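> Here it is, the structure in full.
There are 2 protein chains.
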Amino acid sequence: MSKQHKKDLSLIYGKMSKLLCLSLVLMIPSPAVMAASPEAALTIGQNYTLASTYLKEDRPYSVYLPDACKTGGASAPCPMLYILDGERTFHHASGVLETMSLHGQIPQMIMVAIANTADRTGDLTPTHSLDDGFGRQDPSRSTSGGGERFLDFIEHELIPEVEERYKPMPYRILVGHSFGGLITLHSLVNRPALFQGHIAIDSSLYWDNNSWLRQAEAKLEQMKTIKNRVYVSVAEYAPKGNMDISNRFERPGERFSYALKANQSPHLQSTYQQFAGEDHGSVGLPSLYYGLKFVFDGYKNLPPSVESQGLEAVKAYYRDYLGLYGIALSPPMAIIANLALTAELNNRYDESIAYHTYNIKTHPKSAGSHYALAETYRHMGKTDQATIHYKKVVELHPKWAEHIEVMMSSMSQEQ
Amino acid sequence: MSKQHKKDLSLIYGKMSKLLCLSLVLMIPSPAVMAASPEAALTIGQNYTLASTYLKEDRPYSVYLPDACKTGGASAPCPMLYILDGERTFHHASGVLETMSLHGQIPQMIMVAIANTADRTGDLTPTHSLDDGFGRQDPSRSTSGGGERFLDFIEHELIPEVEERYKPMPYRILVGHSFGGLITLHSLVNRPALFQGHIAIDSSLYWDNNSWLRQAEAKLEQMKTIKNRVYVSVAEYAPKGNMDISNRFERPGERFSYALKANQSPHLQSTYQQFAGEDHGSVGLPSLYYGLKFVFDGYKNLPPSVESQGLEAVKAYYRDYLGLYGIALSPPMAIIANLALTAELNNRYDESIAYHTYNIKTHPKSAGSHYALAETYRHMGKTDQATIHYKKVVELHPKWAEHIEVMMSSMSQEQ
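The listed protein sequences derive, respectively, from chains A and B. According to the UniProt record's numbering, the first sequence is numbered sequentially starting from 1. According to the UniProt record's numbering, the second sequence is numbered sequentially starting from 1.
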């Protein structure tokens, strides 16, 4: 097949459009939730309880476990995300994880959501204080100060239980909001190696009349080897009545972010984001999304210098991405598929085939990867190889039989 | 009790802090997903199929039905949200709805997610075209052009079935992405009264070599009575190889948004948002969030002129919010609770009590509303009334017994 003929075919049948359009349909595995049979309930997770010695109670928690993260799954071992206020965060947070990982923005992850019991204030506050952030005493805080006990529960009871069960990679993120953000940053400052990523949302950093903040700042000054990515967000506060409520969340949040920026640890990356138009409650959802984008900065968007060097450089990039923690990642399927497409558009067919082949090798059940490789072979005029992979698509994804029939019949007319 | 004494109590015990901190815990009803018993599966919806005459198939769809939207529920009747590509959107979209409604950003809604079957392209494209947006022919589009049939299925089969079952309010939103965005905007232009809100995400508006777009522009010029809110978003495209792929989604999306802005219907509101740093897939999740914020603009943030006039003005505001469609809304609990707080901070105790009482009347099972009213009575020195509502909290939410004990004991020492 002449080069000119290839170009004509490219003009007639297009290389790019189908992949782009199908990327939403076929390139990515269907989420587990819709795999259930019709008329059945849609299930996204499992509830557990842990008999805690530290907390002296049976503590409920819930787990979101993508198929790819199960033992032997395509993405196993996976990182872990721990999130507080689980009774309110599980549903949307697991949906955010599922969707962001489908688009290659973050890895597939296992999520553990810790539910509150009777004493949220006690669990999530690091010291005893009745001060309410306006210099006044609040009796509802009489049980405050159980934060270290709560972190002991997480470190010595919860993490061992779930990580023994799922065998994840040693990379954990902690997400908390309000008091949950306070204990999240308390964990960062006092147990800096327990979690490798922290997302702290509109955190109650006024705690204990700012004395928690002053201690945290002093500790951060002494810490030179933090290996972490830390995302700090705040809502937008306008004065209400006579009170400037920005003193409670916004200003201490910003002040803490300065202390993070001033920290000299070479492997600490942090950012601070304020959300205009969001209040203390509504800031949670966008913060989770943009927080995960920050914690996995560079995971989806490769440096052009890496991309230009082909598959081995890309593999090396992901191998080193969490190398700080002794973790070697594999390139995500969605990223590799995009690289294959770009290579093909630039007539680097061999490189494109190498990418597709890598995806098939690492995700043998991905109909989308076989489809993409079949398309590349078709554009090259290699109909025999194209046919092999078109047939594989139907084998893996029988619903697409009719569509593949059209593609193969069209290909035979190109001969 | 003297005014001075009241002020002192305010300084000592604080009016605002507890409400703000508890707002995440107690003011809002717990999502249904965590109501399941420990060790049980977390369920967020139900799968159905509909034997469709238009589509000549059993079409699967899934439903997210919050308790508050069930017949007789606290928020019933609710608006409906219909979303395409259901097998990939159900989980995160239902989580976004749950969380945004908990924070009063949008009403509680019922969501129907329509899953794809074998021919997504056929269902979601309005005309027959093999053109792939670069002027080339794409055989995978041989079945394109079934969009009107698909909209007939939605209008004459799906909507009657689900709305007979759930008796929602006559307010519907349609959400679609890519080809789904194309059919969403096709529905707007050709069946403008079928949905009252449209969220179209990185839509394939290049369709049929821009001839769909030209027809839509011509139709919009003639339409003077559209009553709708329309959100159009696009991703950020950089050229790949020799192709300027912004021609496919970004430029026609912007062009369509100009046609919307130029439309003379007095009750058409539209916006256009481009997401830097998001691609065709990843733009879906932030678009859903900001799209819902746009469709329900003004739902959470009242004009100050309304807020200053008290409960009756607020009720009138919500009664009229969807008045265009003959729908009278009630004020959301979270908004009323915030207004009560602001009133109390400004020493308008009677107004604060009126707000709390309204919340209790409309949500009799809300422990948070009783708690907030008890607090207001305590700050007023009305311990008898405070006690009544503290006890009601424990009755509705026994886990808080210990906490309420502390509050009541502290109150008795204030005497």
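Each residue gets a CB set at the ideal place from its N, CA and C atoms; glycine is no exception. The model shown is predicted, which means the values in this text are computed figures rather than measured ones.
Assuming contact is defined by CB atoms lying nearer than 9 angstroms, are A206 of chain A and G95 of chain A in contact in what I supplied?
Sequence inspection shows Tyr at residue 206 of chain A; the Ala mentioned does not correspond to that position. Not a contact, by the Cβ cut-off of 9 angstroms.
> Tell me the DSSP secondary structure of P31 of chain B in three-state form.
Its pLDDT being 36, under 50, P31 of chain B is placed unreliably in this model, and the value from its coordinates should be taken loosely. Three-state DSSP puts P31 of chain B in coil, outside helix and strand.
> Would I199 of chain A and Y231 of chain A qualify as a contact pair, given that the criterion is a beta-carbon distance under 9 angstroms?
It is a contact, given that the beta carbons lie within the stated cut-off.
> Interface residues of chain B around E402 of chain A at Cβ under 9 angstroms?
Within 9 angstroms Cβ-Cβ: A118, D119, T143.
> Note down, in chain order, each residue of its chain lying with its Cβ closer than 6 angstroms to the Cβ of L82 of chain A, except the 5 sequence neighbours on either side.
This sequence places Tyr at residue 82 of chain A; Leu is not what is there. Excluding sequence neighbours, Y82 of chain A sits near V112, L174.
> So, S178 of chain A versus F256 of chain A, is the Cβ gap smaller than 9 angstroms?
Not closer than 9 angstroms, so no.
> Check this for me: beta carbons of residue 416 of chain B and D208 of chain B, under 9 angstroms apart or not?
Residue 416 of chain B lies beyond the range of chain B shown here (1 to 415); nothing can be said about it.
> Does the CB of P286 of chain A have a neighbour CB from chain B at under 9 angstroms?
Yes - at least one Cβ of chain B is within 9 angstroms of the one on P286 of chain A.
> Are the CB atoms of P66 of chain B and Q108 of chain B within a distance shorter than 9 angstroms?
Yes; because the gap between Cβ atoms is below 9 angstroms, this pair is in contact.
> Under the three-state reduction of DSSP, which class applies to H363 of chain B: helix, strand or coil?
H363 of chain B falls in the coil class under three-state DSSP.
> Among A:I353, A:Q222, A:V406, which one has its Cα closest to the Cα of K382 of chain A?
Comparing Cα positions, the closest option is A:I353.
> Can you look up D67 of chain A in the DSSP assignment and give me helix, strand or coil?
Here D67 of chain A sits in helix by DSSP.
> If the criterion is Cβ atoms closer than 9 angstroms, does the pair A334 of chain A and A41 of chain B meet it?
No, they are not a contact pair.
> Can you tell which of A:Q215, A:P398, A:E351, A:Y48 has the C-alpha that lies nearest to the C-alpha of R165 of chain A?
Of A:Q215, A:P398, A:E351, A:Y48, the residue nearest in Cα terms is A:Y48.
> Compute the distance between the beta-carbons of P77 of chain B and P168 of chain B, then report whether it is under 9 angstroms.
Yes, these two residues count as a Cβ contact at 9 angstroms.
> Taking all protein chains shown into account, decide if K3 of chain A is buried (16 or more other Cβ within 10 angstroms of its Cβ) or exposed.
Legend: pLDDT at K3 of chain A = 36, less than 50; position of this residue unreliable, no value from coordinates given.
> Beta-carbon within less than 8 angstroms of S37 of chain A's beta-carbon, same chain only, minus the 5 sequence neighbours each way: which residues are those?
Only weak support exists for where S37 of chain A lies, its pLDDT of 47 falling under 50; the coordinates are left without a value.
> In chain B, what lies closer than 8 angstroms to A41 of chain A by C-beta?
Near A41 of chain A (Cβ distances below 8 angstroms), the residues of chain B are A41, T43, G45, Q46, N47.
> Assuming A367 of chain A and H356 of chain A are in contact, meaning their beta carbons sit under 8 angstroms apart, how far apart are those beta carbons, in whole angstroms?
Rounded, the Cβ-Cβ distance is 13 angstroms, inconsistent with contact.
> So which of A:F153, A:L151, A:E155, A:R120 has the shortest CA-CA distance to R141 of chain A?
Checked all of A:F153, A:L151, A:E155, A:R120; the closest Cα to R141 of chain A is A:R120.
> Tell me the DSSP secondary structure of R165 of chain B in three-state form.
Three-state DSSP puts R165 of chain B in a helix.
> Among all the DSSP beta bridges, which residues are the ones paired with M380 of chain B?
DSSP, once it has assigned bridges, lists no residue as partnering M380 of chain B.
> Short of 7 angstroms in beta carbon distance, which residues of its chain neighbour L24 of chain B, apart from the five on each side in sequence? Order them along the chain.
Model confidence at L24 of chain B stands at a pLDDT of 34, short of 50, so the residue's coordinates are unreliable; what they give is reported in the following sentence. If we look at L24 of chain B and ignore the five residues flanking it on each side, it has no Cβ neighbours.
> Which first and last residues belong to the beta strand (DSSP E) in which G197 of chain B is found?
Here the beta strand (DSSP E) through G197 of chain B covers 197-201.
> If I measure Cβ to Cβ from Y54 of chain B and keep anything under 8 angstroms in the same chain, skipping five residues before and after, which residues do I get?
Answer for Y54 of chain B: R149, F150, D152, F153, H156, E157, listed in chain order.
> Candidates B:S369, B:E312, B:S52, B:Q264: which alpha carbon is nearest I114 of chain B's?
Out of B:S369, B:E312, B:S52, B:Q264, B:S52 has the C-alpha closest to the C-alpha of I114 of chain B.
> In three-state DSSP terms, what is D297 of chain A?
If DSSP states are grouped into helix, strand and coil, D297 of chain A belongs with coil.
> When we look at the beta-carbon of N359 of chain A and count the other beta-carbons within 10 Å, is it buried (16 or more) or exposed?
Buried: at least 16 other Cβ atoms inside 10 Å.
> Indicate the three-state DSSP secondary structure (helix, strand or coil) for Q264 of chain A in the structure shown.
If DSSP states are grouped into helix, strand and coil, Q264 of chain A belongs with coil.
> Closest to I404 of chain B by CA distance: which of A:D138, A:Y61, A:L329 is it?
Ranking A:D138, A:Y61, A:L329 by Cα distance to I404 of chain B puts A:D138 first.
> Spatial neighbours of F90 of chain B within its chain, please: C-beta separation below 6 angstroms, excluding the five flanking residues on both sides.
Answer for F90 of chain B: S62, A113, listed in chain order.
> Could one say the Cβ of F90 of chain B lies closer than 9 angstroms to chain A's Cβ atoms, at least one of them?
Interface residue, yes.
> Roughly how far, in whole angstroms, is the beta-carbon of Q196 of chain B from the beta-carbon of R214 of chain B, given that I think they are within contact range, below 8 angstroms?
The Cβ separation is near 26 angstroms, so there is no contact.
> Output yes or no for whether 9 angstroms exceeds the beta carbon distance between L84 of chain B and G176 of chain B.
The answer is yes: Cβ separation under 9 angstroms.
> Looking at the C-beta of E351 of chain A, does it have a partner C-beta in chain B at a distance below 9 angstroms?
No, E351 of chain A does not count as interfacial toward chain B.
> How big is the Cα-Cα spacing for Q46 of chain A and H186 of chain B?
Approximately 40 angstroms between the Cα atoms of the pair.
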